[in-house]
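Take 1 as the starting number for the sequence shown in the working numbering and just add one per residue. Don't be surprised by glycine CBs; every beta carbon is placed ideally from N, CA and C. Below is one structure, written out as structure tokens, with a few remarks after it.
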Amino acid sequence: MAYTIPRLGKAMNAVGYSVGAEELPEFNILISPNPSSYSSIISSQGTTIRSVSICDVLGRPIYVLKNIQSSQVEIPTKSWARGTYIVRIETDKGVKTAKLVRN
Numbered sequence: 001m002a003y004t005i006p007r008l009g010k011a012m013n014a015v016g017y018s019v020g021a022e023e024l025p026e027f028n029i030l031i032s033p034n035p036s037s038y039s040s041i042i043s044s045q046g047t048t049i050r051s052v053s054i055c056d057v058l059g060r061p062i063y064v065l066k067n068i069q070s071s072q073v074e075i076p077t078k079s080w081a082r083g084t085y086i087v088r089i090e091t092d093k094g095v096k097t098a099k100l101v102r103n
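Below, the structure is given as structure tokens:
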């Protein structure tokens, strides 16, 4: 016994629907040095950093800094285990995430 699937004769139109990524505000975040062994500096261009939260790859919080209101923050990494960390930077123009490597 065989089964057949009929072919659609018309393509479906999706009028009025957006199928793309939402435009995010433009601002740059720089983490240096990266990889880091002692500390890293997170800098923003064109925006003010409000908070920084850093998690390990399992999602466990490692470092949280709130109420910053600056364009630059130093993150001490000397006591951290070697590995990759996820950095979440909240600014007055939006949120960005980045990787930080501790070597």
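Own chain residues within Cβ distance below 8 Å of residue i, not counting five before or after
{"i": "residue 55", "result": "61, 62, 85, 86, 88"}
{"i": "residue 52", "result": "42, 63, 64, 65, 68, 73, 75, 87, 88, 89, 90"}
{"i": "residue 32", "result": "40, 41, 43"}
Burial state of residue i, where buried means 16 or more other Cβ atoms lie within 10 Å
{"i": "residue 48", "result": "exposed"}
{"i": "residue 100", "result": "buried"}
{"i": "residue 94", "result": "exposed"}
{"i": "residue 40", "result": "buried"}
{"i": "residue 36", "result": "buried"}
{"i": "residue 97", "result": "exposed"}
Beta bridge counterpart(s) of residue i as assigned by DSSP
{"i": "residue 91", "result": "49, 94"}
{"i": "residue 30", "result": "43"}
{"i": "residue 77", "result": "DSSP, once it has assigned bridges, lists no residue as partnering residue 77."}
{"i": "residue 63", "result": "54"}
{"i": "residue 85", "result": "56, 100"}
{"i": "residue 72", "result": "43"}
{"i": "residue 36", "result": "102"}
Nearest neighbour of residue i, chosen from the options [CA to CA]
{"i": "residue 70", "options": "80, 43, 57, 78", "result": "43"}
{"i": "residue 57", "options": "81, 28, 32", "result": "81"}
{"i": "residue 79", "options": "59, 34, 102", "result": "102"}
{"i": "residue 38", "options": "92, 83, 77", "result": "77"}
Closer than 7 Å: residue i CB and nearest the ligand SAH heavy atom
{"i": "residue 69", "result": "This structure lacks the ligand SAH, and indeed carries no ligand of any kind."}
Beta-carbon contacts of residue i that lie in its chain and below 6 Å, excluding the five residues immediately before and after
{"i": "residue 28", "result": "45"}
{"i": "residue 30", "result": "43"}
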